[in-house]
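Comments concern the structure below.
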Ligand SMILES: C[S@@+](CC[C@H](N)C(=O)[O-])C[C@H]1O[C@@H](n2cnc3c(N)ncnc32)[C@H](O)[C@@H]1O
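Residue numbers (the working numbering): 20 to 321.
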């Protein structure tokens, strides 16, 4: 797995990757599903040998503990703790367990945590890890594509009904916006029940720049439609520029995202694998924490 982290750092630290570029396609559902299925197979054979489910968990950009603590403090300060907390692109990270532990320490209802990923194998691993760690399953596990706003809002509605939660009030995102950002731009197709739907621009004619949405703009739009005004979106990213577009001029995607989200806080944290004691002269590597807030004057939530 160290190789995978190296791949990630090398591929994502500044160089744009994706289908238009050589290398791993971090925006591809197929890539992630194959990767998590391979992890599941490895865990299974380790279990057969040692009765230990070792290696099922892998965290991109470290644990994200500092960001998680900061998000929960904001939820308390902003009275945003009665809704769903989405752990988007949950993968096989420990973050879902970290959120549950923190919720239980505070006496909050951990059924309101929704681990969400578009790779079914990732969701299966996440369930298995929760059961191994706590002896039961309390958080929710949902397969959904964050770039498909219609199915995302349907899945969220189901989770809201199941838990009596008040819409989405917090989102935890550890390197998922990063992965999405490596994909191709998308074109808005028109509204489906009041929400825009999108198609990737891999094929077909290129639309005018104003109609071409970067994947992170689509993510911001779709999350903005399911999040309650005032909700928080906490992001850990390798990029210091991940949300610069919220302060820039641009096409429709930029404008919609700006109407929905503002960056409240941004700070750097030293990357966990940045330096070892022997490398004291090596430059520090930083990751970036963001806390965004869903604007109150944006679209009505669905
Ligand atoms: C870089 S990994 C981060 C995983 C995890 N958050 C962590 O910190 O280890 C990106 C994750 O986002 C998921 N993902 C990427 N694009 C997605 C999309 N459009 N919808 C849902 N999940 C997506 C991938 O399956 C993968 O689990």
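For every residue, glycine included, the Cβ atom is placed at its ideal position computed from N, Cα and C.
Being a predicted model, the structure only gives us computed values, none of them experimental.
Boundaries (first-last residue) of the alpha helix (DSSP H) holding residue i
i: residue 234; result: 234 to 245
i: residue 216; result: Unbroken run through residue 216 is the beta strand (DSSP E), 214 to 219; no alpha helix (DSSP H).
beta-carbon residue i near ligand 1 non-hydrogen atom, thresh 7 Å
i: residue 51; result: yes
i: residue 79; result: yes
i: residue 193; result: yes
i: residue 265; result: no
i: residue 4; result: Residue 4 lies beyond the stretch modelled for the chain, which goes from 20 to 321, so this question has no answer here.
i: residue 110; result: yes
i: residue 164; result: yes
i: residue 137; result: yes
i: residue 114; result: yes
i: residue 189; result: no
i: residue 170; result: no
i: residue 205; result: no
i: residue 145; result: no
i: residue 197; result: yes
i: residue 268; result: no
i: residue 178; result: no
i: residue 46; result: yes
i: residue 141; result: yes
Residues of its chain near residue i, where Cβ-Cβ distance is below 6 Å and the 5 sequence neighbours each way are ignored
i: residue 137; result: 48, 164
i: residue 101; result: 185
i: residue 286; result: 308
i: residue 124; result: none
i: residue 246; result: 187, 313
i: residue 219; result: 203, 205
For residue i, the first and last residue of its enclosing beta strand (DSSP E)
i: residue 80; result: From DSSP, residue 80 is part of no beta strand (DSSP E); its letter is neither H nor E.
i: residue 287; result: 280 to 289
i: residue 106; result: 103 to 107
Three-way DSSP call (helix, strand, coil) for residue i in this model
i: residue 75; result: coil
i: residue 309; result: strand
i: residue 272; result: helix
i: residue 262; result: coil
i: residue 184; result: coil
i: residue 13; result: No statement about residue 13 is possible, as the shown extent of the chain runs from 20 to 321 and does not include it.
i: residue 56; result: helix
i: residue 303; result: coil
i: residue 98; result: coil
i: residue 231; result: strand
i: residue 250; result: strand
i: residue 44; result: coil
i: residue 267; result: coil
Contact with chain B by residue i, beta-carbon distance below 8 Å
i: residue 151; result: In the structure shown, chain B does not exist; there is a single protein chain.
Own chain residues within Cβ distance below 8 Å of residue i, not counting five before or after
i: residue 50; result: 43, 44
i: residue 209; result: 215, 216
i: residue 315; result: 248, 249
i: residue 153; result: 116, 119
i: residue 78; result: 112, 113, 114, 193
i: residue 271; result: 207, 229, 230, 232
i: residue 82; result: 113, 114, 117, 291
Contacts around residue i, its chain only, beta-carbon distance under 7 Å, and the 5 residues preceding and following it disregarded
i: residue 283; result: 310, 311, 312
i: residue 40; result: The predicted position of residue 40 is uncertain, since its pLDDT is 40 and thus under 50; a value taken from the coordinates is nonetheless stated next. Counting only Cβ-Cβ distances below 7 Å, and skipping sequence neighbours, we find nothing.
i: residue 141; result: 51, 55, 109, 110, 111
i: residue 197; result: 31, 256, 257, 258
i: residue 305; result: 287, 288, 289, 290
i: residue 135; result: 105, 106, 107, 109, 161, 163
Could I get the ranges of all uninterrupted beta strand (DSSP E) runs contained in the stretch 112 to 181, with 3 residues as the minimum, in chain order?
The qualifying runs are 132 to 136, 159 to 162.
3 or more residues per run - each beta strand (DSSP E) lying fully within the stretch 187 to 212
Scanning the stretch 187 to 212 from its first residue to its last, the whole beta strand (DSSP E) runs of 3-plus residues come out as 187 to 193, 205 to 211.
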